[in-house]
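The opening position of the sequence shown corresponds to residue 929 in the working numbering, with each subsequent residue numbered one higher.
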Amino acid sequence: MPLPKAPAKKADRVETSALSQTLKPSKRSNPAPTAKVLPLKTLSAPEVQMPAVSSSLAERVQPVLTNKPRAKPRARSAEKPKLFVLDTNVLMHDPMSLFRFDEHDVFLPMMTLEELDGHKKGMSEVARNVRQVSRELDVLAASMESQTLEEMSKGLPLDHTGHKEATGRLYFQTQVLSTQLPAALPQGKADNQILAVVQALKEMHAGRDVVLVSKDINMRIKARALGLAAEDYRNDKALEDSDLLYSGVQQLPPDFWERHGKTMESWSAGGLTHYRISGPLVPSLLVNEMVYSEAPGEAPLHARVAEITGKSAVLRCLRDYTNPKHGVWGITARNREQNFALNLLMDPEVDLVTLTGSAGTGKTLLALAAGLSQVLDDRRYSEIIVTRVTVPVGEDIGFLPGTEEEKMGPWMGALDDNLEVLTKGEGASGEWGRAATQDLMRSKVRIKSLNFMRGRTFLNKYVIIDEAQNLTPKQMKTLLTRAGPGTKMVCLGNLAQIDTPYLTEGSSGLTFCVDRFKGWAHNGHIMLARGERSRLADFASEVL
929 MPLPKAPAKK
939 ADRVETSALS
949 QTLKPSKRSN
959 PAPTAKVLPL
969 KTLSAPEVQM
979 PAVSSSLAER
989 VQPVLTNKPR
999 AKPRARSAEK
1009 PKLFVLDTNV
1019 LMHDPMSLFR
1029 FDEHDVFLPM
1039 MTLEELDGHK
1049 KGMSEVARNV
1059 RQVSRELDVL
1069 AASMESQTLE
1079 EMSKGLPLDH
1089 TGHKEATGRL
1099 YFQTQVLSTQ
1109 LPAALPQGKA
1119 DNQILAVVQA
1129 LKEMHAGRDV
1139 VLVSKDINMR
1149 IKARALGLAA
1159 EDYRNDKALE
1169 DSDLLYSGVQ
1179 QLPPDFWERH
1189 GKTMESWSAG
1199 GLTHYRISGP
1209 LVPSLLVNEM
1219 VYSEAPGEAP
1229 LHARVAEITG
1239 KSAVLRCLRD
1249 YTNPKHGVWG
1259 ITARNREQNF
1269 ALNLLMDPEV
1279 DLVTLTGSAG
1289 TGKTLLALAA
1299 GLSQVLDDRR
1309 YSEIIVTRVT
1319 VPVGEDIGFL
1329 PGTEEEKMGP
1339 WMGALDDNLE
1349 VLTKGEGASG
1359 EWGRAATQDL
1369 MRSKVRIKSL
1379 NFMRGRTFLN
1389 KYVIIDEAQN
1399 LTPKQMKTLL
1409 TRAGPGTKMV
1419 CLGNLAQIDT
1429 PYLTEGSSGL
1439 TFCVDRFKGW
1449 AHNGHIMLAR
1459 GERSRLADFA
1469 SEVL
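Below you can see the structure in the form of structure tokens.
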């Protein structure tokens, strides 16, 4: 880019004599007069009087006062807020979904309110969510001043109840919206009536995006077939892709010792070796994350990140549970990930352990063996509490007779199978010895139902939550907040086997728990990758 031409004429300089009148101090014989406060309207630019200066200075100062550019106002977004029409299942799934759309507006068809009214009774999680939605809607509707139809049609501010992140408005269907849908669609069905409302809103607001939000896949397919915009409710998803889920394990790079060995410190404490490292690997580490290095020709390193302080981290070597001398209730780790899991399960400083993996990786067996060892041998916990979600894989078999534990018996087949494996190690004591051991183990294992967990507090318990992938984030929060002093919670699940409707790998309560608790000093997570059940089970999990 060429430089501009040099100026041909020098700039004028203001002479000192021109400022003599303003710089000359005046004698203060009389007190200064009190200034009068004028209204803002009288302080316009033409009426402001300047002190007397010379004509040459006034000519230079005047353009600066009159031509000063004003600050530009902040540019507002040119896009109009979207109008999201909520399906009933969205409100049933997340009662706070009304306040999750930021600056956009929310529209509730009358059929959605009718379906909510039909599901408000009962003690299920859906019924509780519906009642909470009804309370939120009642508070928003009570914020109107005149309680008229005209005010209702203008929309209700969603931030009235304290949700400042929701700056949009809530609209109810206050009139009949008629539109032409294909004659093949039954007009009396609730889903089709909601689609008709979306179609009518699209015609009324031609320059605005009208989007249907539904958890029902078929509902979204029908909407797109009719040319309507439809989306899934994604606010409850902890991750968009399950492959991005935190695994709890990180392999050290091949040049780890070369890049971190110069400033490394090592010491022994509690029978375990510790390393303090500082280098480019530290920012990528999390507390209680497992790291390993298995380079050929070198001694393997299996360690856990015990502490992160600034730019340095402390790695603590693990106890080798693959050695039969360190077996947990007769169970030894068969692979690297199982060894990592047992180190977390046997650590009293870790209050929450989450184990994920496919079928046959040993999640329940490891958790139960660690629990029995710490309850019966170490006396660290008073008893084991096992619970799970009662979602059937096939058809429901109906009501079950008996007490709470007897009703939960058919759901706890996995517990019985693992207890049988753990009692086989007592073969030298004979049949009577095995029976006595099994009775002792069962006396310390309690089976509880999720339906009666609200309001309880577990003191000094070892709690196993099996099949945690079928829990919603709200149910997971309800269970984890039951933990009292001295309680350890263990969540087990396989994200590939979700049986709860409207739950996906990204919105499961187990995914929610793993993602939110990673990096906490009293939490640990391991993704078990290798199946150890049988060669048939391993091959079936791969090809089926």
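We treat Cβ as the ideally placed atom computed from N, Cα and C, and that holds for glycine.
I need the DSSP call for Ser-1005, collapsed to helix, strand or coil. For Ser-1005, the pLDDT reaches just 44, beneath the cut-off of 50, and the residue's location in the model is therefore unreliable, although a value from the coordinates is still provided. Ser-1005 carries a coil assignment under DSSP once its states are collapsed to helix, strand and coil.
Below 8 Å, how does it come out for the stretch 1370-1384 and the stretch 1256-1265: are there three or more Cβ pairs, yes or no? Two segments are said to touch when three or more pairs of C-beta atoms, one from each, lie closer than 8 Å; by this definition the stretch 1370-1384 does not touch the stretch 1256-1265.
Touch check for the stretch 1442-1456 and the stretch 1274-1294: three-plus C-beta pairs under 8 Å? Yes, since at least three Cβ pairs between the stretch 1442-1456 and the stretch 1274-1294 fall closer than 8 Å, the two stretches touch.
Helix, strand or coil: how does DSSP classify Pro-1276 here? DSSP places Pro-1276 in coil when its eight states are reduced to three.
DSSP puts Ser-1196 in a beta bridge; with which residues? Beta-bridge pairing links Ser-1196 to Thr-1201.
Inter-residue CB distance, Lys-1010 and Asp-1137 (contact presumed, cutoff 8 Å): The Cβ separation is near 4 Å, so the contact holds.
Give me the residue from Val-1126, Leu-1173, Lys-1143 with the minimum Cα distance to Gln-1108. Nearest of Val-1126, Leu-1173, Lys-1143 to Gln-1108, Cα basis: Val-1126.
C-alpha distance - Gly-1459 paired with Ile-1122, whole-angstrom precision: Approximately 47 Å between the Cα atoms of the pair.
Rounded to whole angstroms, what is the Cα-Cα separation between Thr-1076 and Leu-1065? Between Thr-1076 and Leu-1065, the C-alpha separation is close to 16 Å.
Tell me the residue span of the alpha helix (DSSP H) that contains Asn-1163. Asn-1163 -> no alpha helix (DSSP H), and no H or E assigned at all.
Let me check understanding here. Comparing Cα to Cα, which of Val-1210, Val-1058, His-1188 lies closest to Leu-1026? When each option's Cα is compared against that of Leu-1026, the closest is Val-1058.
Return the first residue and the last residue of the beta strand (DSSP E) that Ala-1234 is part of. Ala-1234 -> beta strand (DSSP E) spans 1229-1237.
Is it buried or exposed, Val-1141, if we count other Cβ atoms within 10 angstroms and call 16 or more buried? Buried is the call here.
Among the residues of its own chain, which have a CB less than 7 Å from the CB of Tyr-1174, if the five just before and after it don't count? Result list for Tyr-1174: Val-1442, Asp-1443, Lys-1446, His-1453, in chain order.
Taking one C-beta from the stretch 1220-1234 and one from the stretch 1177-1186 each time, how about it: are there three or more such pairs within less than 8 Å? Taking one beta carbon from each stretch, the stretch 1220-1234 and the stretch 1177-1186 have 3 or more pairs nearer than 8 Å; the two touch.
Short of 7 Å in beta carbon distance, which residues of its chain neighbour Thr-1385, apart from the five on each side in sequence? Order them along the chain. Counting only Cβ-Cβ distances below 7 Å, and skipping sequence neighbours, we find Arg-1410, Gly-1412.
Where Ser-1310 falls: helix, strand or coil (DSSP): If DSSP states are grouped into helix, strand and coil, Ser-1310 belongs with coil.
Restricting to Cα atoms, I'd like to know which of Thr-1089, Gln-1101, Thr-1095, Arg-1056 is closest to Ile-1078. Here residue 1078 is Glu; the residue named in the question, Ile, does not match the sequence. Nearest C-alpha to Glu-1078: Gln-1101.
How is Pro-1114 classed by DSSP in three states: helix, strand or coil? Pro-1114 sits in coil when the DSSP states are folded into three classes, being neither helix nor strand.
Please report how far the alpha carbon of Asn-1271 lies from the alpha carbon of Met-1417, in whole angstroms. Cα to Cα, the separation comes out at about 15 Å.
Span separating the alpha-carbon of Ala-1287 from that of Gln-1266: Between the alpha carbons of Ala-1287 and Gln-1266 lies a gap of roughly 14 Å.
For Leu-1399 and Gly-1437, which I take to be in contact (beta-carbon distance under 8 Å), what is that distance rounded to the nearest angstrom? Their Cβ separation, rounded to whole angstroms, is 4 Å, which keeps Leu-1399 and Gly-1437 in contact under 8 Å.
Is it buried or exposed for Ser-1301, if we count other Cβ within 10 angstroms and need 16 for buried? Ser-1301 comes out buried.
From Pro-1401 to Glu-1186, what does the alpha carbon distance come to, in whole angstroms? Roughly 43 Å between the two C-alpha positions.
Helix, strand or coil, according to DSSP, for Met-1080 in the structure here? Residue state, collapsed to three classes: helix.
C-alpha gap between Ser-1240 and Ser-1212, whole angstroms: Rounded to whole angstroms, Ser-1240 to Ser-1212 spans 11 Å at the Cα level.
On a CA-only basis, which of His-1047, Met-1024, Leu-1098 is nearest Phe-1012? Give me that one, please. That would be Leu-1098, whose Cα lies nearest to the Cα of Phe-1012.
When the distance is taken between beta carbons, is Asp-1119 closer than 8 Å to Met-1147? Inclusion of Met-1147 and Asp-1119 in the CB contact set at 8 Å is warranted, their separation being smaller than that value.
Is it true that the CB of Leu-1129 sits closer than 8 Å to the CB of Leu-1105? A contact, by the Cβ cut-off of 8 Å.
Please classify Lys-1143 as buried or exposed, where buried requires at least 16 other C-beta atoms within 10 Å of its C-beta. Buried is the call here.
To the nearest angstrom, report how far apart Leu-1479 and Tyr-1309 are at their CA atoms. Only positions 929 to 1472 of the chain appear in this structure, which leaves residue 1479 out of reach.
Contacts around Val-1139, its chain only, beta-carbon distance under 8 Å, and the 5 residues preceding and following it disregarded: Taken in chain order, the residues that qualify are Lys-1010, Leu-1011, Phe-1012, Val-1013, Ala-1157, Ala-1158, Glu-1159.
Arg-1461 to Asn-1216 span [Cα, whole Å]: Between the C-alpha atoms of Arg-1461 and Asn-1216 there is a straight-line separation of about 27 Å.
Starting from the C-beta of Glu-1053, find all residues in its chain whose C-beta is less than 8 Å away, skip the five residues before and the five after it, and write them out in chain order. These residues qualify, in order along the chain: Thr-1400, Lys-1402, Gln-1403.
When the Cα atoms are used, what is the spatial distance from Glu-1235 to Ala-1297? Using only the alpha carbons, I get a separation of about 28 Å.
Leaving out the 5 sequence neighbours to the left and right, which residues in its chain are closer than 7 Å to Leu-971 when beta-carbon positions are compared? Note that Leu-971 scores a pLDDT of 37, beneath 50, so its modelled location is shaky; the value from the coordinates is reported in the next line. Excluding its 5 nearest sequence neighbours in each direction, Leu-971 has no C-beta neighbour in its own chain below 7 Å.
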